[in-house]
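Below is one structure, written out as structure tokens; comments come after it.
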Amino acid sequence: MSDRFTEIGTYYDRLVDEFGHDPRACDYGRSESQAAKFRVISEVMPLAGKSLLDVGCGFADFADYLDRHVTGVTYAGVDISEAMVARAGKRHPQRDIRHLNILEEAPGQYDVVTANGIFYLLGDEAPDLMRRLISTMFEVAGEAVAFNSLSAWAVDPEAGEFYADPLEVTAFCRTLTPWVVMRHDYHGRDFTCYLYKNRRP
Numbered sequence: 004m005s006d007r008f009t010e011i012g013t014y015y016d017r018l019v020d021e022f023g024h025d026p027r028a029c030d031y032g033r034s035e036s037q038a039a040k041f042r043v044i045s046e047v048m049p050l051a052g053k054s055l056l057d058v059g060c061g062f063a064d065f066a067d068y069l070d071r072h073v074t075g076v077t078y079a080g081v082d083i084s085e086a087m088v089a090r091a092g093k094r095h096p097q098r099d100i101r102h103l104n105i106l107e108e109a110p111g112q113y114d115v116v117t118a119n120g121i122f123y124l125l126g127d128e129a130p131d132l133m134r135r136l137i138s139t140m141f142e143v144a145g146e147a148v149a150f151n152s153l154s155a156w157a158v159d160p161e162a163g164e165f166y167a168d169p170l171e172v173t174a175f176c177r178t179l180t181p182w183v184v185m186r187h188d189y190h191g192r193d194f195t196c197y198l199y200k201n202r203r204p
């Protein structure tokens with residue numbers, strides 16, 4: 004695993020040691036923010052009966068959200084934090100949750116691929132790594148991808164975090180598929196993109 008991803012994995016390992024299973028270990032200020040982002044990601048398409056890969060799954064809290072709101076999703080998760088994967092595996096022993104970097108190891112194929120909050124710590128390499136991660140997620144997905152990012156349109160950015168330009172990201176997504184949606188309607192510091200393999204009905 005590259006130095007940047009090793010650093011990020013170690014950072015989250017420390018947060019897990021400090022906070023345990025808590026939104027703060029996922030670097031969220033509040034659980035309400037997590038729930039809002041889960042809701043928007045889950046609205047990418049009807050998910051009932053779909054297989055879904057959660058990239059950067061953390062504790063697999065998104066699986067809990069889906070269990071409460073959607074029927075019949077086959078959930079799998081990958082993360083670069085060993086501590087997160089260990090906790091998630093204990094919480095969801097029946098689900099496929101792996102310590103894996105999708106840029107280094109193929110995770111398999113899924114109907115839908117999602118990612119929540121995986122870009123903000125990528126540092127100087129963020130624009131390139133973000134494009135590579137989006138491209139890889141789109142290759143893995145059979146039908147759709149949904150991901151979010153901190154937004155360069157935020158009025159109160161925090162130092163040391165990567166805030167992507169929503170229009171630049173959307174333009175890149177359009178090099179992969181013409182079927183793209185960008186949402187900036189649910190949180191002042193965050194945006195979500197949906198990418199589809201085919202036109203939506």
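Taking the working numbering, the leading residue of the sequence shown gets 4, the next gets one more, and so forth.
C-beta atoms are modelled at their ideal positions from N, C-alpha and C, and glycine is treated no differently.
Quick caveat, the model's predicted, so the values are computed rather than measured.
Where DSSP assigns a beta bridge to N151, which residues make up the other side? On the sequence shown, position 148 is the one that residue 151 refers to. Looking at the DSSP assignment, N151 forms a beta bridge with T195.
Does the stretch 179 to 188 come close enough to the stretch 86 to 101 to have 3 or more Cβ pairs within less than 8 Å? Touching, no.
If you count every other CB in all the chains shown that lies within 10 Å of the CB of R90, and 16 or more means buried, which is it? Position 87 of the sequence shown holds residue 90. Counting Cβ neighbours within 10 Å, R90 comes out buried, since at least 16 surround it.
Those residues which DSSP pairs with Y113 across a bridge: As a first step, residue 113 is located in the sequence shown; it is residue number 110 there, counting from the start. Answer is A144, bridged to Y113.
Between A63 and G80, what straight-line distance do the alpha-carbon atoms span, to the nearest angstrom? For the purposes of this step, residue 63 is taken as the residue at position 60 of the sequence shown. For the purposes of this step, residue 80 is taken as the residue at position 77 of the sequence shown. Just so you know, the alpha carbons of A63 and G80 end up roughly 7 Å apart.
Residue nearest to Y68 in terms of C-alpha spacing, selected from A118, A51, D82, S45: Taking the first residue of the sequence shown as 1, we reach residue 68 at position 65. Residue S45 is the option with its Cα nearest to Y68.
Spatial neighbours of R94 in its chain, beta-carbon cut-off 7 Å, leaving aside the 5 residues before and after: Here residue 94 corresponds to residue number 91 of the sequence shown, with the count starting at 1. If we look at R94 and ignore the five residues flanking it on each side, its Cβ neighbours are F62, A63.
Alpha carbon to alpha carbon, how far is G163 from P204? Here residue 163 refers to the residue found at position 160 of the sequence shown. Here residue 204 refers to the residue found at position 201 of the sequence shown. Looking at the two C-alpha atoms, the distance is approximately 41 Å.
Whole angstroms is fine: what's the gap from R71's alpha carbon to T77's? Taking the first residue of the sequence shown as 1, we reach residue 71 at position 68. Taking the first residue of the sequence shown as 1, we reach residue 77 at position 74. Their Cα atoms are separated by approximately 14 Å.
Tell me L167's beta-bridge partners as DSSP assigns them. Here residue 167 corresponds to residue number 164 of the sequence shown, with the count starting at 1. In the sequence as displayed, the identity of residue 167 is Ala instead of Leu. Answer is S154, bridged to A167.
So, do the stretch 109 to 123 and the stretch 164 to 184 have three or more beta carbon pairs nearer to each other than 8 Å? Counting Cβ pairs under 8 Å, three or more are found: they touch.
Within 8 Å, strictly: CB atoms of F18 and Y113: Within the sequence shown, numbered from 1, the residue matching residue 18 stands at position 15. Within the sequence shown, numbered from 1, the residue matching residue 113 stands at position 110. Note that residue 18 is Leu in the sequence shown, not Phe. No. Outside cutoff.
Using CA coordinates, which residue listed in A174, L136, G191, D131 is at the minimum distance from H158? Along the sequence shown, read from residue 1 onward, the residue named residue 158 stands at position 155. Here residue 158 turns out to be Val, not His, going by the sequence shown. For V158, the nearest C-alpha among the options comes from G191.
At least three beta-carbon pairs within less than 8 Å, the stretch 18 to 29 to the stretch 130 to 142: Taking 8 Å as the limit for Cβ pairs, the verdict is that the stretch 130 to 142 does not touch the stretch 18 to 29.
When DSSP builds the beta bridges, which residues end up paired with Y78? Start at 1 with the first residue of the sequence shown, and residue 78 comes out as number 75. Beta-bridge pairing links Y78 to L55.
Just to confirm, is the Cβ distance from N151 to K40 under 8 Å? The sequence position of residue 151 within the sequence shown is 148, counting from 1. The sequence position of residue 40 within the sequence shown is 37, counting from 1. Yes; because the gap between Cβ atoms is below 8 Å, this pair is in contact.
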